[in-house]
Structure formats: structure tokens, C-alpha cells
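A short write-up of the structure that comes next.
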Amino acid sequence: MPQMIQMQAITKTYRLGEVNVPVLKRIDLEIEQGQYVAIMGASGSGKSTLMNIIGCLDRPTTGNYVLEGRNLTAFSDDELAYVRNQRIGFVFQQFNLLSRSTALENVMLPMIYANIPKSKRRQQATQALIRVGLANFLSNRPSQLSGGQQQRVAIARALVNKPALVLADEPTGALDSETSREVMELLTELNQQGITIVVVTHNPEVAARTKQVIRVQDGLIVH
Amino acid sequence: MKTISSPASPQKVLAVKRTDPVSGLEILSMAVEALWGNKLRTGLTMLGVVIGIASVIAIASVGQGVQKATEQRIQALGTDVLQVLPSAARTGGISQGVGSSSTLTWQDAEAIVKEAPAVAAVSAYLQRPGQVVYEKDNHSTNIVGIDLNYSEVKNTKTALGRFLTPEELDQAQSVAILGSTVRDELFGKDSTPIGKKLRIQTESYEIIGVFEPKGSEGSMDRDDQVFIPLTSMSKRIVGNNALSGVAVNGLFVKARSNDDMEAAKFQVVNLLRLRHNLAASQDDDFTIRNQTDIVNTFTAVVGLLTIMVVTIASISLVVGGIGIANIMLVSVVERTREIGIRKAVGAANSDILNQFLVESIVISTVGGSIGMAIGIVTAFLASLAFSFPFVLSIWAIVCGLVLSFIVGLLAGVIPARNAARLDPIAALRSD
Numbered sequence: 005m006p007q008m009i010q011m012q013a014i015t016k017t018y019r020l021g022e023v024n025v026p027v028l029k030r031i032d033l034e035i036e037q038g039q040y041v042a043i044m045g046a047s048g049s050g051k052s053t054l055m056n057i058i059g060c061l062d063r064p065t066t067g068n069y070v071l072e073g074r075n076l077t078a079f080s081d082d083e084l085a086y087v088r089n090q091r092i093g094f095v096f097q098q099f100n101l102l103s104r105s106t107a108l109e110n111v112m113l114p115m116i117y118a119n120i121p122k123s124k125r126r127q128q129a130t131q132a133l134i135r136v137g138l139a140n141f142l143s144n145r146p147s148q149l150s151g152g153q154q155q156r157v158a159i160a161r162a163l164v165n166k167p168a169l170v171l172a173d174e175p176t177g178a179l180d181s182e183t184s185r186e187v188m189e190l191l192t193e194l195n196q197q198g199i200t201i202v203v204v205t206h207n208p209e210v211a212a213r214t215k216q217v218i219r220v221q222d223g224l225i226v227h
Numbered sequence: 005m006k007t008i009s010s011p012a013s014p015q016k017v018l019a020v021k022r023t024d025p026v027s028g029l030e031i032l033s034m035a036v037e038a039l040w041g042n043k044l045r046t047g048l049t050m051l052g053v054v055i056g057i058a059s060v061i062a063i064a065s066v067g068q069g070v071q072k073a074t075e076q077r078i079q080a081l082g083t084d085v086l087q088v089l090p091s092a093a094r095t096g097g098i099s100q101g102v103g104s105s106s107t108l109t110w111q112d113a114e115a116i117v118k119e120a121p122a123v124a125a126v127s128a129y130l131q132r133p134g135q136v137v138y139e140k141d142n143h144s145t146n147i148v149g150i151d152l153n154y155s156e157v158k159n160t161k162t163a164l165g166r167f168l169t170p171e172e173l174d175q176a177q178s179v180a181i182l183g184s185t186v187r188d189e190l191f192g193k194d195s196t197p198i199g200k201k202l203r204i205q206t207e208s209y210e211i212i213g214v215f216e217p218k219g220s221e222g223s224m225d226r227d228d229q230v231f232i233p234l235t236s237m238s239k240r241i242v243g244n245n246a247l248s249g250v251a252v253n254g255l256f257v258k259a260r261s262n263d264d265m266e267a268a269k270f271q272v273v274n275l276l277r278l279r280h281n282l283a284a285s286q287d288d289d290f291t292i293r294n295q296t297d298i299v300n301t302f303t304a305v306v307g308l309l310t311i312m313v314v315t316i317a318s319i320s321l322v323v324g325g326i327g328i329a330n331i332m333l334v335s336v337v338e339r340t341r342e343i344g345i346r347k348a349v350g351a352a353n354s355d356i357l358n359q360f361l362v363e364s365i366v367i368s369t370v371g372g373s374i375g376m377a378i379g380i381v382t383a384f385l386a387s388l389a390f391s392f393p394f395v396l397s398i399w400a401i402v403c404g405l406v407l408s409f410i411v412g413l414l415a416g417v418i419p420a421r422n423a424a425r426l427d428p429i430a431a432l433r434s435d
């Protein structure tokens, strides 16, 4: 299986005033395509920072990050934006939908930045929403949807540009257990269709559904 | 490491960068949506530019209209015409005003044409206010005695009928040419009163023509006049009161060309001083007015005033621009999370920059267009109310649009750059 993610000696240091705070001390990590991985760790362990680097939202201080064979070290902001747009889907704990836009408009958003014409955007976004079971909620705004439905809109948005990798940051953190189960089933389904999934979570039940668990502690991966 | 193989999604061929930026139309529709979502704020933000552009356009248009009116007045006066008036008569040191004495004569006019080479033609006139009567209607007007050169010097033609003949002038015949206002008052609008009889004092005058309308000069309606031969005026209505010759109220002197105006004035002054036997120590007993100078000065003053007021109005445009910048800054802060979301799903910094820049430009140009419409309507109403020509130059419209575009662009630069530079992680975490 080719590698989806290859990280070599990744470090991340934040500067707080005069002090350098190392958040990631040394991360070496390989995740194959089609994997379903949970990243677990206490808060402050560096798992969110790792997640942001995997998602190309942040850059490592040192080290190499290769995504699908592309070394992203020298990529510019705009190049990273395009990688996020084309290859990565995000699912957040707080859903992060545009509150003034409808479900359909929210799902269409990534396609705007992929230069997909409007008619095709509408068609693909509708398909994505049908796929997550929201066929009847296309024109609802987030405030008119339940938490589980909002998270499913977010998943549809993550899928709509046909990414290779979906990153979910505490996807069930704001949901009750029944809805959480539904959302996790949806992610499992996506993984079965070949999408690599990385979930950051506290929740052992969520981690149990994945194929591999990576534990982060004090900026290092522990086995 | 535990690995379970599963079918991978086929790897797409991915260029490093998007080849084309998000289309302008797409950005525009996003901007309009965002602005439409907050109509009250958008409207209030626009107001500054609306008022700024409306006042600039209205004032520029009114200024141009007034200048045009003045230009038309110059054309009507003839740009190459000097007016010679008798000096104020003095009674024990009290001036009775220009034109109150009768030192000028028709013979002066004839002498000027003969002796002054820079002069093309001279027309003398003698006028009194008086009543004209047609059947049972009467009308108070100005009765003007004119000579044969009047038509040429004053650049005026008859719209109906004909001008005076030499015989009518020589024999002091009882004929009259009406100004169009007098015709309208006594005979009805657009009527043809040629051949009808008009009574002035005790005598009957045959109407031989109607002058084309000349418009008003200040508060004076130049069409509210009746013209008769200078000889008839002098003999029957005024009575000859000069020591020698036919006394007149003034002369219109037409120079050979605009360039000859100074020469003509010099020649007329010297000739008249000679004819009036003035010693070197004596003042002129006449006054020469160059109407063009007066009107030119007026035009220059109006032009300066217009520029000044437009400048002041432009300040309100600057204030409007600052208002837009301010609201855009607030908007960027409010929409930090939206910006984070857009960046997470793949918006490049330039996409975010363009979005906010376009929002600012849309506010400003839409406001500018509304302001322009209001300004044009205001200028039009003003031109109706104060009866000057309505002037709307393409230049003003283009300037207004370009100006509001630039205001939007400048107002949007800093907020849009702030938005584009936001760190996506921090932006996603914000409330």
C-alpha cells in the first residue's frame, strides 16, 4: 500500500515572549492510504498541533512532511491551500459551518475554490448531502438543524471535492452518544470506500472503531 | 504498526497550484450575498458615498450650467461689441448715474464708423419706457429707437417680417418691430401680427416684424421691447434735446474682430474726446463698457466657486470612504471564523483578499451610482427652478464612477489585507 502520510523528525516550537515552547519534539509517522487512524492524547500533548500540520493548516518548525508523495516543506501558503482544497476534508468538533448559508451552500463552498462551475457545484453538493442522509434539508440553515445534522453537513462538505484524506477533530465532542454513533458509522463507511481517515479524540469508544491508534504524549508518539 | 489494507482512492493528478484564480463573477456574487445579508449596515455604510458623490455631481453640474448660461449671454451680446454710454450727469456734485446725461449723438456714431479703422459698425439707440396699445389691450414696455446697423451689431434677426429699410429711417416712418414677449402679450403666443397697427402715445405704428427671442439678461427680459426707427423715436417720442444732432442713450460699437477690441476702444475714446471738445484736464463725458470682460470675470468667479465647493463636497466623499474602511475592519473581525472556514476548505490568501476588497468596492460603487442619480436629479431640478441650462457631462459621470471605485478600493485595502493574513487555525478557534 502506498503511503498517505510520511513524517520525518517533525518538530514544532511556539515562541511565547522570550521562551520557546516545544509542542512537538520529534514525530516520525507513516500512515498508509486507506487507513483509519485515531490520534489520542491528553490536552496539551500536542495532538491538535500534529493534526493541524497533517491538515496543512500549520507548518512544522523542522522536519519533512510528505503527503501522497509530495514533499510539502517548501510549499507556499497558497499551494498548501490548494492541497487542502483538493486532497483533504475537515470535520471539526464545532462543525464550523457558515451560519448565514444553507446546508447546500455550505457544501458548495470548497468547490468555489476549485473553480467548479455553479451548476456542477449544485449537483455534486446535492449528491454529497444525499449521501450523508440530508436529502430533505438542502435549504436549511445550520440554526435549523440538529447537532448531528450539522455534523453531517460538515462531513458532506469534507467529501465534496473527493479528498484522499479526511481529518476529524473530536467529531463527536459536541454530540450525544446516539448521534455520535451515527457519525462514526458514517466515517467508517467512508473509510470502507477507500478514504484515509484520521480522527483526533479523547473518547476510547471512538478510538475503538478505528484500525490503528496513535498516542501522543508530551510532543512524542508513544507506543 | 498495525496496518489493514483497504481499497485506496485513486490518486488524482494534482497540479501544485490552482491554474486560474476564482473568477471575478464568483467573488462578486459572494460579496453581494454577504452585503445583502446585512442590508441595514450596508445601506448606512453606503450613505457616506451616496452623499459625497451626489453633492459632487450636483454642484459640478450646476456650476457648468451657470457657466454655460453665461457663455450663451456672451454669444448673445456679441463678443466683439463695446457699449458707449453718456457719463453720469452731475448736479452740484451728485452723480445721477451712467446714461443720465445726453452727451452722445447719432452723429458720434457716424463719425466713429468713418474715423476709427478698428470699428466695423456702430449702432445708436434711444430708449424710453412706455405704453403700447393694440385695440383694447395695452402693455408697459421699453420703446427703443434703432438705426439700420442694429441687426448686424446686436447679432439679431427678425423671426417674422422684416427689418427697417433706409427710407423708413430717413423719413421717420411709423413702423415697429416687436420683441417676442410683446407679441406674445398683445397678440397671443406664436401669432403673426405683421401689418397690424400698434398705438404708441397718440400715433399708430404698423408692425413690420418680430425679432427672434434673445432671452433674459439678469432680471431684464430683452424680448419685452418694441423697436421703432431712431428718427421717429427722437422726433415724436423723446424730442430732440441735444445741442447738436440727435441725442441717443448709447452706442453699440462692433470691432472688426475680437483682437481689435483694444484698438477700437482706444480709437473711440480719442475720437469722442475730440468731438466733445474735452480739454486734457477734463474727464471723459462718456463711459465705455466691455460686456465680455464683465461676463468673463463672472464666469471665472463661478468656475472658481464651483471648484471650491466641489472640493468641499469631496471631503464628504473621503469621510464616506473612512466609514467604509471602518465597517470593513469591524466586518473582518466579526467574520474571523468564516475566514478560517474558507481558508480550511481551500481559499487562497488572494481569494480572501479579493472577497473583502470587492465587498468594499461594491458598497462604494453602488453608493456612488445611487449618489450620481440623486445628484443628477438635484441638478436638473435646480436648473428648472433657477432657469439655467442643465449640463450633464460624460466626464462628470465617468469621474464619479472612477472616484467611487477608487474610494472603495482604498477603503478596502487594509481590512482585506488583515483578512487575508489571518492565521487559519487562530481564525477557526475564534468565537
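Chains as they are written, first to last, in this note's numbering: chain A, 5 to 227; chain B, 5 to 435. Using N, Cα and C, we set each Cβ at its ideal position, and we do this for glycine too. Predicted model, so just to flag it, every value in this text is computed and none were measured.
Cβ distance (whole Å) where V70 (chain A) is taken to contact Q216 (chain A) below 8 Å | Your numbering for residue 70 (chain A) matches position 66 in the first sequence. Your numbering for residue 216 (chain A) matches position 212 in the first sequence. Not quite, the Cβ-Cβ distance comes to about 19 Å (not below 8 Å), so this is no contact.
Is it right to say N228 (chain A) is buried, meaning 16 or more other beta carbons lie within 10 angstroms of its own, or is it exposed?
-> Look at the range of chain A in this structure, 5 to 227, and you will see that residue 228 (chain A) is not part of it.
For V313 (chain B), which residues of its own chain have a beta-carbon under 7 Å away from its beta-carbon, when the five flanking residues on both sides are left out?
-> Translated into positions along the second sequence, residue 313 (chain B) becomes position 309. Cβ within range, chain order: I63.
P64 (chain A), buried or exposed, once every other Cβ within 10 Å from all chains shown has been counted against 16 | Residue numbering aside, residue 64 (chain A) sits at position 60 when the first sequence is read from its first letter. Buried: at least 16 other Cβ atoms inside 10 Å.
Output yes if chain B places a C-beta closer than 8 Å to the C-beta of L61 (chain A); else output no.
-> Looking up residue 61 (chain A) in the first sequence gives position 57. Yes - at least one Cβ of chain B is within 8 Å of the one on L61 (chain A).
Which listed residue (B:L29, B:A386, B:V157 and B:P428) has its alpha carbon closest to that of R341 (chain B) | Your numbering for residue 341 (chain B) matches position 337 in the second sequence. Nearest option by C-alpha distance: B:P428.
Which of the residues in the segment 43-62 of chain A, read from start to end, lie with their CB under 7 Å from any CB of chain B?
-> N56, L61 and D62
Quick one: give me the first and last residue of the alpha helix (DSSP H) that E364 (chain B) is part of.
-> What you label residue 364 (chain B) is simply residue 360 of the second sequence in a count that begins at 1. For the record, residue 364 (chain B) in the displayed sequence is Ser; it is not Glu. That run of the alpha helix (DSSP H) goes N353 to A389.
Contact check, L321 (chain B) vs V53 (chain B) under 8 Å by CB: the rounded distance?
-> As a first step, residue 321 (chain B) is located in the second sequence; it is residue number 317 there, counting from the start. As a first step, residue 53 (chain B) is located in the second sequence; it is residue number 49 there, counting from the start. At roughly 7 Å, the Cβ-Cβ gap stays under 8 Å, so L321 (chain B) and V53 (chain B) are in contact.
Please confirm if I345 (chain B) has its CB atom under 8 Å from at least one CB of chain A.
-> Position 341 of the second sequence holds residue 345 (chain B). Output row for I345 (chain B): interface = yes.
Using DSSP with H/G/I as helix, E/B as strand and the rest coil, what is V2 (chain B)?
-> No information on residue 2 (chain B) is available, as it lies outside the stretch 5 to 435 that chain B covers here.
CB-CB length for D8 (chain A) against A168 (chain A), believed under 8 Å | What you label residue 8 (chain A) is simply residue 4 of the first sequence in a count that begins at 1. What you label residue 168 (chain A) is simply residue 164 of the first sequence in a count that begins at 1. This sequence places Met at residue 8 (chain A); Asp is not what is there. Sure, about 7 Å apart at Cβ, within 8 Å.
Please state whether DSSP places I9 (chain A) in a helix, a strand or coil.
-> As a working note, residue 9 (chain A) is residue 5 in the first sequence. Strand, per DSSP.
Host beta strand (DSSP E) of D141 (chain B) (start-end) = Residue 141 (chain B) sits at position 137 when you count from the first residue of the second sequence. First-last of the beta strand (DSSP E) with D141 (chain B): D141 to I150.
Reference R126 (chain A); option with closest CA among A:M55, A:M44 and A:A160 = Here residue 126 (chain A) refers to the residue found at position 122 when the first sequence is read from its first residue. Considering only alpha carbons, the answer is A:A160.
Indicate whether at least one CB of chain A lies closer than 8 Å to the CB of A430 (chain B).
-> Here residue 430 (chain B) corresponds to residue number 426 of the second sequence, with the count starting at 1. Judged by the 8 Å Cβ criterion, A430 (chain B) is not in contact with chain A.
Starting from the C-beta of E216 (chain B), find all residues in its chain whose C-beta is less than 8 Å away, skip the five residues before and the five after it, and write them out in chain order.
-> Position 212 of the second sequence, counting from 1, holds the residue named residue 216 (chain B). Around E216 (chain B): T160, K161, T162, A163 and S184.
Specify the secondary structure class of L182 (chain B) as computed by DSSP and reduced to three states.
-> Here the question's residue 182 (chain B) lines up with position 178 in the second sequence. Three-state DSSP puts L182 (chain B) in a strand.
Apart from the five residues just before and just after S236 (chain B), which ones in its own chain have a Cβ nearer than 6 Å to its Cβ?
-> Against the second sequence, residue 236 (chain B) aligns to sequence position 232. Here the set comprises A176.
Would DSSP call S104 (chain B) helix, strand or coil?
-> On the second sequence, residue 104 (chain B) is found 100 positions in, with the first residue counted as 1. With a pLDDT of 49 at S104 (chain B), under the threshold of 50, the modelled position of this residue cannot be trusted, and the question is left open.
What residues in its chain sit with their C-beta under 6 Å from that of A58 (chain B), if we drop five residues either side in the sequence?
-> Position 54 of the second sequence, counting from 1, holds the residue named residue 58 (chain B). Excluding positions up to five away in sequence, the list reads G375, I378 and G379.
Determine, using beta carbons only, whether R421 (chain B) comes closer than 8 Å to chain A.
-> Stepping through the second sequence from its first residue, residue 421 (chain B) is reached at position 417. Not an interface residue.
Can you tell which of A:P208, A:A212, A:G50 and A:L20 has its C-alpha closest to the C-alpha of Q221 (chain A)?
-> The sequence position of residue 221 (chain A) within the first sequence is 217, counting from 1. That would be A:G50, whose Cα lies nearest to the Cα of Q221 (chain A).
What does P146 (chain A) reach in chain B if we use C-beta pairs closer than 7 Å?
-> Taking the first sequence and counting its residues from 1, the one referred to as residue 146 (chain A) is at position 142. Ordered by position in chain B, no residue passes the 7 Å Cβ test against P146 (chain A), which lies about 12 Å from the chain.
What separation, rounded to the nearest whole angstrom, lies between the Cα atoms of S104 (chain B) and I55 (chain B)?
-> Walking along the second sequence from the start, residue 104 (chain B) turns up at place 100. Walking along the second sequence from the start, residue 55 (chain B) turns up at place 51. Any reading at S104 (chain B) must be qualified, since the residue scores a pLDDT of 49, below 50, and its modelled position is unreliable; the value itself is stated next. Approximately 51 Å between the Cα atoms of the pair.
Under a Cβ-count criterion, where at least 16 other Cβ atoms within 10 Å of its own Cβ denotes burial, should V25 (chain A) be classed as buried or exposed?
-> What you label residue 25 (chain A) is simply residue 21 of the first sequence in a count that begins at 1. Exposed, by the Cβ-count rule.
Indicate the three-state DSSP secondary structure (helix, strand or coil) for I32 (chain A) in the structure shown.
-> Here residue 32 (chain A) refers to the residue found at position 28 when the first sequence is read from its first residue. Reading off the sequence, residue 32 (chain A) comes out as Asp, not Ile. Of the three classes helix, strand and coil, the one that applies to D32 (chain A) here is strand, per DSSP.
My understanding is that K16 (chain A) touches V27 (chain A), with C-beta atoms under 8 Å, so please give their C-beta distance in whole angstroms.
-> Taking the first residue of the first sequence as position 1, residue 16 (chain A) is located at position 12. Taking the first residue of the first sequence as position 1, residue 27 (chain A) is located at position 23. So it is a contact: roughly 5 Å between Cβ atoms.
Using 8 Å as the limit for Cβ to Cβ distance, is F141 (chain A) near chain B?
-> Residue numbering aside, residue 141 (chain A) sits at position 137 when the first sequence is read from its first letter. So no, F141 (chain A) is outside the interface.
On a CA-only basis, which of A:M55, A:G59, A:A139 and A:Y86 is nearest V111 (chain A)? Give me that one, please.
-> Along the first sequence, read from residue 1 onward, the residue named residue 111 (chain A) stands at position 107. When only C-alpha atoms are compared, the closest one is A:A139.
When the Cβ atoms of the segment 387-402 of chain B are set against those of the segment 416-434 of chain B, are three or more pairs found closer than 8 Å?
-> no
Do you know offhand how far N165 (chain A)'s Cα is from R91 (chain A)'s?
-> On the first sequence, position 161 is the one that residue 165 (chain A) refers to. On the first sequence, position 87 is the one that residue 91 (chain A) refers to. The straight-line gap from Cα to Cα measures roughly 8 Å.
Hey, I356 (chain B) and A423 (chain B) are a contact pair by Cβ (cut 8 Å); roughly how many whole angstroms apart?
-> For the purposes of this step, residue 356 (chain B) is identified with residue 352 of the second sequence, where counting begins at 1. For the purposes of this step, residue 423 (chain B) is identified with residue 419 of the second sequence, where counting begins at 1. Indeed they touch by this definition, with Cβ atoms about 5 Å apart.
CA nearest to the CA of V136 (chain B), picked from B:S144, B:S238 and B:S285 = Here residue 136 (chain B) is taken as the residue at index 132 of the second sequence, counted from 1. Considering only alpha carbons, the answer is B:S144.
Do the segment 31-46 of chain A and the segment 97-104 of chain A make contact, defined as three or more Cβ pairs closer than 8 Å?
-> no
Same chain only: Cβ atoms within 6 Å of D62 (chain A), ignoring 5 sequence neighbours per side = Taking the first sequence and counting its residues from 1, one reaches residue 62 (chain A) at position 58. N56.
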